[in-house]
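Below is one structure, written out as structure tokens; the observations come after it.
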């Protein structure tokens, strides 16, 4: 579905699209996508077929094929997503969002190289809580449905290890589970 809607940060009218959960964003080398609502992940895969997550992106982030030299490159919707198209002639209006994209990519890169795996997982959960979280009575709720397998793909470990470590974190009082979501019990 394509609609036009005014947006003070971008030229008007802007073409907007709504994508369903698990839908792939069509590859376009001539435009970027500004996320108005929802969450996506960018990924590639190795020669052996192993999925490699490149990033998680949410409201106000800019994503797109022109931001990457990785091939293959995919953008997958993790939720229902509403996006605005940003043609090449207007990229200068998204400089702040592109700088944030670089910063978040580097944060994630630093996380995936931490050792041991338990530290890597914990820092990834904190990163997710800062990006997709909100304060609740018990701590910080990660308001994004993410599977143990998806977490494992990001931090380069197995699903079994993620499950075991999440159980350990729960036993240690570091996190709670609430309706298929995680709440980090962070010290304030």
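In this note's numbering, the protein residues as written are -2 to 185.
From the three backbone atoms N, C-alpha and C, an ideal C-beta is built for every residue, glycine too.
Asked, Found
"Under the three-state DSSP convention, the category residue 67 falls into", "coil"
"Close Cβ partners of residue -2 (< 8 Å) along its chain, the five nearest in sequence each way excluded", "For residue -2, the predicted model reports a pLDDT of 40, less than 50, meaning its position is unreliable; a value from the coordinates is still stated below. For residue -2, where only same-chain residues beyond five positions count, the Cβ hits under 8 Å are 14, 15."
"Between the CA atoms of residue 91 and residue 50 - distance to the nearest angstrom", "23 Å"
"Per-residue DSSP class, three states only, for residue 90", "helix"
"Runs of alpha helix (DSSP H) lying entirely within the stretch 104 to 162, each at least 4 residues, in chain order", "114 to 129, 145 to 152"
"Cβ neighbours of residue 159 in the same chain (closer than 7 Å, five flanking residues each side left out)", "118, 145, 148, 149"
"Residue 172 versus residue 85 - alpha carbon distance", "43 Å"
"Cβ shell of residue 111 (< 8 Å), same chain only, five flanking positions each side left out", "117, 120"
"C-beta atoms of residue 39 and residue 65 nearer than 9 Å", "yes"
"Through-space distance from residue 25 to residue 59, alpha-carbon basis", "14 Å"
"Reduced DSSP category for residue 167 - H, G, I as helix; E, B as strand; rest coil", "helix"
"First and last residue of the uninterrupted beta strand (DSSP E) at residue 200", "Beyond the ends of the chain as shown, which are -2 and 185, falls residue 200; an answer cannot be given."
"Pick from 44, 152, 53, 42 that is closest to residue 99, judged by C-alpha positions", "53"
"Short Cβ contact (9 Å threshold) for residue 35 with residue 55", "yes"
"Between the CA atoms of residue 124 and residue 175 - distance to the nearest angstrom", "19 Å"
"Residues near residue 88 by beta carbon distance below 7 Å, same chain, minus five either side", "29"
"Beta-carbon spacing of residue 183, residue 137 below 9 Å", "yes"
"With 16 other Cβ atoms within 10 Å as the buried cut-off, status of residue 77", "exposed"
"Identified DSSP bridge partners for residue 39", "52, 72"
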